[in-house]
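Right, one structure below, let's go through it.
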Amino acid sequence: MKKYFPVYVRVPLLFGLFFLLVEWLVGGEGEKPAFMEYPQVLILLGLFLFALIAVEIVVASTNKILDRLMTPEERVAEKNKRFSDLPWVKSLMSKLTKTKGIQEESDVMMDHDYDGIKELDNELPPWWVGLFYVTIIFSVIYLLRFHVFDGDNQIVEYEKSVAEAQLQIEEYKKTAPDMLTADDAKYLTDEADLAAGKKLFDANCMACHKLDGGGSIGPNLTDDHWILGGGVKNIFHTISEGGRPGKGMVPWKNNFKPSEIEKLASYVISLNGTNPADAKGPEGDIIWSKADLEGGEATPAEESAPVSDVAPESGETSESEVVAPEADSEE
Ligand code: HEC
160 MKKYFPVYVR
170 VPLLFGLFFL
180 LVEWLVGGEG
190 EKPAFMEYPQ
200 VLILLGLFLF
210 ALIAVEIVVA
220 STNKILDRLM
230 TPEERVAEKN
240 KRFSDLPWVK
250 SLMSKLTKTK
260 GIQEESDVMM
270 DHDYDGIKEL
280 DNELPPWWVG
290 LFYVTIIFSV
300 IYLLRFHVFD
310 GDNQIVEYEK
320 SVAEAQLQIE
330 EYKKTAPDML
340 TADDAKYLTD
350 EADLAAGKKL
360 FDANCMACHK
370 LDGGGSIGPN
380 LTDDHWILGG
390 GVKNIFHTIS
400 EGGRPGKGMV
410 PWKNNFKPSE
420 IEKLASYVIS
430 LNGTNPADAK
440 GPEGDIIWSK
450 ADLEGGEATP
460 AEESAPVSDV
470 APESGETSES
480 EVVAPEADSE
490 E
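Using my numbering, read the sequence shown as starting at 160 and increasing by one per residue.
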């Protein structure tokens, strides 16, 4: 062995194998390797390394002595020995290949002779025959499993693993922190979402906004006037970050998950235009109603500008708009 693996390969290799074995047997908890968890393991590893080196030294000195005792011919023969000359390698190879030596070739020579090219009737190498039998057994099992007993084909297997992954995603979503922000919040119209929003609203917001959103300490949430801006984004932002300082509307982001704030915001939007009895008067200059959702979210500047103010400006350039100023004067 010594000739095929030099000492600087042999020692680290054996030590590495031993290290892996210890890791596997002792099995450190979690991320930490075993030797950090149990310091005794370090002593064991140290002892093993010490023993390895000691064995190496003994073997080296024995070899030196043996070398002295050898005749020059023996020394040359020893030097020229190859891996394939080792007795166990030789017997393994002959078992696996069953090759015939060149002196036995006449036994297997066939009478085919074409222009001096002859043919030997060698036995098939056992390693090859073994593999061949394995493929036959494999094919029988395969045939039975997939064609007789209708095992899952690739498509069914694929669909199954997709379904499994889907379940894992659902599972993950349940525990994962909510990633939703005001920017990707949406107006949820689903009954269940709105009902969940109403539940949260009734429990947390009615004290100031009233059960119907008509407003008391807080402003009326059902009219088209907004202090802090309408639309999903603005309302989401108001609920999570709170209103103007000192007004009483606190940030709710620590009380609710973003997905809950989205439901609250959607519920607030759904209240728009409900006109509850004794609602508070309009507050805020930003005009926004649920109907604006279809046209996207208008900016506060556009919302506060009445449509009739815009019409005359565009009327100046087009004849068909002449009616517009008249409509304006009528108001
Ligand atoms: C302690 C009283 C109080 C509670 C409780 C409260 N609010 Fe408010 N809310 C206010 C006040 C006051 C304002 C006005 C803030 C301002 O003027 O900056 C406001 C403003 C708002 C606005 C903005 C209205 C606009 O015109 O822009 C929304 C939306 C709103 N609240 C939703 C909620 C929701 C949803 C809850 C429950 C999670 C809630 N509020 C709980 C007092 C409250």
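Heads up, the beta-carbon is just placed ideally off N, CA and C, and yes, glycines get one too.
- Per the C-alpha coordinates, the member of Lys422, Val267, Leu283 and Pro285 positioned closest to Lys277 is Val267.
- The way I'd put it, the segment 298 to 312 doesn't touch the segment 348 to 364; fewer than three beta-carbon pairs between them come closer than 8 Å.
- If you compare the alpha carbons of Ile446, Met252 and Tyr426 with that of Glu350, the shortest gap goes to Tyr426.
- Counting only runs of at least 4 residues, the segment 253 to 307 fully encloses the following alpha helix (DSSP H) elements, listed from N- to C-terminal order: 264 to 267 and 285 to 302.
- Residue environment for Thr221: exposed (fewer than 16 other C-beta atoms within 10 angstroms of its C-beta).
- Distance from the CA of Leu423 to the CA of Gly175, rounded to the nearest whole angstrom, comes to 60 Å.
- Relative to Asp371, the option among Lys223, Phe305 and Pro435 whose CA is nearest is Pro435.
- For Tyr426, the uninterrupted alpha helix (DSSP H) segment begins and ends at Pro417 to Leu430.
- With fewer than 16 other Cβ atoms inside 10 Å of its own Cβ, Glu323 counts as exposed.
- Beta-bridge pairing by DSSP links His368 to no other residue.
- For Val427, the shortest C-beta to heavy atom distance toward ligand 1 is below 6 Å.
- For Arg403, the shortest C-beta to heavy atom distance toward ligand 1 is below 6 Å.
- Here Gly377 is near His368, since their CB atoms are less than 7 Å apart.
- Contact annotation: the segment 250 to 263 touches the segment 281 to 291, with at least three C-beta pairs closer than 8 Å.
- Secondary-structure assignment with DSSP links Ile446 through a beta bridge to His384.
- Met338 sits in coil when the DSSP states are folded into three classes, being neither helix nor strand.
- Fewer than three pairs of CB atoms, one per stretch, sit closer than 8 Å, so the segment 220 to 240 makes no contact with the segment 192 to 199.
- Contact check for Lys345 and Glu421: beta-carbon distance about 7 Å, within the 8 Å limit, so the pair qualifies.
- Between Lys439 and Asn379, the C-beta gap is smaller than 7 Å, which places the two residues in contact.
- The C-alpha of Glu282 lies about 50 Å from the C-alpha of Val321.
- Straight-line spacing of the CA atoms in Ser298 and Leu290 works out to 12 Å.
- Listed in chain order, the non-local C-beta contacts of Asp437 below 7 Å within the same chain comprise Gly373, local neighbours out to five positions each way being set aside.
- By the beta-carbon neighbour count (other beta carbons within 10 angstroms, threshold 16), Leu430 is buried.
- Around the CB of Asp382, 16 or more other CB atoms lie within 10 Å, so the residue is classed as buried.
- A distance criterion of 6 Å places the beta-carbon of Asn312 beyond contact range of ligand 1, judged by its closest non-hydrogen atom.
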